[in-house]
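Residue numbers (my numbering): 4 to 148.
We treat Cβ as the ideally placed atom computed from N, Cα and C, and that holds for glycine.
Laid out in C-alpha cells, this is it:
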C-alpha cells in the first residue's frame, strides 16, 4: 500500500529554479522601472525629445517633439521623485516633468508626473496644469475723481 506521509526531499534543481524565478521577478518589478525612468530623465535633460517620446507607451501622449517644433522658447527638465513604498508595491518609478514654452503672447508652465513601468512611461497621472501668464497685457488703469 501507499504510505500516507511523504518525506520532504531537498532538490538543488528546484532551489535553482525558484531562485531564478525570484531574481527575474525582482529585476522586472524593481530594476526595470528605475532603468526606464533613468532613460527618460536623461533623454529630457539632454533635449532628445524623440527618444523621450519613444519611451511613452501611449501614442496620444507623445507630444514633446511636436511641442519643440511648434512652440518658441521650449524648455523642459525632468527629475526623479522620492521612491516610496507604494511605488515599490506597484512596480513603478515616478518622474516629475516640468515644461515651459511661449505661445503667441502667453507663457505656459506645465508640471506633471509620469510613472515609469517595465513596459514604458505611462500617461501623466494628473491632469496637466497650465499656468499661463500674459506677457504683452496692459495693466488696468484706475480713474481718480
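Cβ-based burial, residue i [other Cβ within 10 Å; buried from 16]
i          : result
residue 36 : buried
residue 9  : exposed
residue 98 : buried
residue 12 : exposed
residue 92 : exposed
residue 21 : exposed
residue 96 : buried
residue 18 : exposed
residue 15 : exposed
Sequence-distant residues of its chain with Cβ nearer than 7 Å to residue i (five each side left out)
i           : result
residue 80  : 47, 48, 101
residue 160 : No information on residue 160 is available, as it lies outside the stretch 4 to 148 that the chain covers here.
residue 43  : 55, 58, 81, 98, 119, 124
residue 126 : 61, 64
residue 106 : 74
residue 89  : none
Residues near residue i by beta carbon distance below 6 Å, same chain, minus five either side
i          : result
residue 73 : none
residue 71 : 52, 77
Beta-ladder partner(s) of residue i, from DSSP
i           : result
residue 124 : 59, 119
residue 83  : 98
residue 64  : Paired residues: none, contrary to the question.
residue 78  : 103
Opening and closing residue of the beta strand (DSSP E) in which residue i lies
i           : result
residue 102 : 96–106
Closer than 6 Å: residue i CB and nearest the ligand ATP heavy atom
i           : result
residue 103 : This structure lacks the ligand ATP, and indeed carries no ligand of any kind.
Residue range of the unbroken alpha helix (DSSP H) whose run includes residue i
i          : result
residue 73 : 67–73
Contacting residues, own chain, Cβ-Cβ under 8 Å from residue i (five flanking each side not counted)
i           : result
residue 121 : 31, 32, 35, 36, 39, 94
residue 116 : 84, 97, 98, 99, 100, 127, 128, 129
Kindly provide the ranges of any beta strand (DSSP E) runs that are 3 or more residues long and lie completely inside the region 4–44, ordered along the chain. none
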